[in-house]
Amino acid sequence: MDKNGFDGRLVYWIDALNTWIGKAFGWCILLLTLATCYEVFARYVLRAPTEWAFDAAYILYGTLFMMAGAYTLARNGHVRGDWLYRGWQPATQARWDMLLYFLFFFPGILALIYSGWDYAAHSWAMRERSLFSPNGPPIYHFKTLIPLTGLLLLLQGVAEVLRCLYCIRNNAWPPRMGDVEELETVILREHADPDDPNGQEAVR
72 MDKNGFDGRL VYWIDALNTW IGKAFGWCIL LLTLATCYEV FARYVLRAPT EWAFDAAYIL
132 YGTLFMMAGA YTLARNGHVR GDWLYRGWQP ATQARWDMLL YFLFFFPGIL ALIYSGWDYA
192 AHSWAMRERS LFSPNGPPIY HFKTLIPLTG LLLLLQGVAE VLRCLYCIRN NAWPPRMGDV
252 EELETVILRE HADPDDPNGQ EAVR
């Protein structure tokens, strides 16, 4: 617990979990790059295109996209209307964040888990295979990521609500775990007015 009364153990544990998962699945970028490069080489140099490149591309990209969702939320990296949001007091930001989490985020994520579980279970029951290429690789493992993604996002949503509660009480956002940052964030931090509480959330 910090000097302002923020017990971040649960929040940071969730952050650390989703960060580890996001970075682990980030290797899909390398695999996708290698698969695509080989397919281009085989198609245009060897004149022998592969049968698996299309399936590999959408499975790897879909996996990366889904498994990076909770990681991006943990890093506060999703798009929002910052042109309006940045001018609010931190406590006002937190109140709106929490309202929107309960109105839209949690219902949507719960629907994703519910429908995704049924979707994945059906795929496993029929041992579903891809219809987009002659060799038809199995895709029921891939579809299992849908409810798993929902669970990770739900868990991260709980952490974000805890952050909102702290900010409403203290009119200041608790710190996030360090990680790679966009250049825009670095520039904003370097030019932020340390006496302006509204400017601090712009770079959190």
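Numbers in my numbering are just positions in the sequence shown, counted from 1, shifted up by 71. The beta-carbon is built from N, C-alpha and C at its ideal position, and this holds for glycine as well.
Given Phe213, which residues of its chain have a CB within under 8 Å of its CB, disregarding the five upstream and five downstream residues?
Within the sequence shown, numbered from 1, the residue matching residue 213 stands at position 142. Cβ neighbours of Phe213 within its own chain (closer than 8 Å, five residues either side excluded): Ile130, Gly133, Thr134.
Going along the chain, which residues of its own chain have a beta-carbon closer than 7 Å to the beta-carbon of Asp126, five neighbours each way excluded?
Numbered from its first residue, the sequence shown carries residue 126 at position 55. The residues are Ser201, Phe203, Ser204, Pro208.
On a Cα-Cα basis, can you pick out the residue from Ile258, Gln160, Gly228 that is closest to Ile180?
Against the sequence shown, residue 180 aligns to sequence position 109. Nearest of Ile258, Gln160, Gly228 to Ile180, Cα basis: Gly228.
My output table needs one value for Pro218: the three-state DSSP class, helix, strand or coil.
Your numbering for residue 218 matches position 147 in the sequence shown. In the three-state reduction of the DSSP assignment, Pro218 falls in the helix class.
Is Pro161 helix, strand or coil by DSSP?
Locating residue 161 in the sequence shown gives position 90, counting from the first residue. Helix at Pro161.
With distances taken Cα to Cα, identify the nearest neighbour of Tyr185 among Gly221, Glu261, His262.
Residue mapping note: residue 185 aligns to position 114 of the sequence shown, counting from 1. If we check each option's Cα against that of Tyr185, Gly221 comes out closest.
So is Asp153 buried or exposed if we call it buried at 16+ other beta carbons inside 10 Å?
Within the sequence shown, numbered from 1, the residue matching residue 153 stands at position 82. Answer is exposed; the Cβ neighbour count stays below 16.
If I'm right that Tyr190 touches Ile217 with Cβ under 8 Å, what's the distance once you round it to whole angstroms?
Numbered from its first residue, the sequence shown carries residue 190 at position 119. Numbered from its first residue, the sequence shown carries residue 217 at position 146. The beta-carbon distance between Tyr190 and Ile217, rounded to whole angstroms, is 6 Å. This is short enough to meet the 8 Å contact definition.
Could you tell me which of Arg80, Asn89, Gly79 sits nearest to Leu225, measuring between CA atoms?
Here the question's residue 225 lines up with position 154 in the sequence shown. Nearest option by C-alpha distance: Asn89.
Using three-state DSSP, classify Arg200 as helix, strand or coil.
Position 129 of the sequence shown, counted from the start, is the residue given in the question as residue 200. In this structure, Arg200 counts as strand in the three-state DSSP scheme.
Measure the C-alpha to C-alpha separation of Ala124 and Arg151 and round it to an integer number of angstroms.
Counted from its first residue, the sequence shown places residue 124 at position 53. Counted from its first residue, the sequence shown places residue 151 at position 80. C-alpha separation (whole angstroms): 35 Å.
Just the C-alpha distance for Gly79 and Ile92, rounded to the nearest angstrom, thanks.
If you number the sequence shown from 1, residue 79 lands on position 8. If you number the sequence shown from 1, residue 92 lands on position 21. In this structure, the straight-line span from the alpha carbon of Gly79 to that of Ile92 is close to 20 Å.
Where Tyr237 falls, given that 16 or more other Cβ within 10 Å makes a residue buried
Within the sequence shown, numbered from 1, the residue matching residue 237 stands at position 166. The C-beta of Tyr237 has 16 or more other C-beta atoms within 10 Å across all chains shown, which makes the residue buried.
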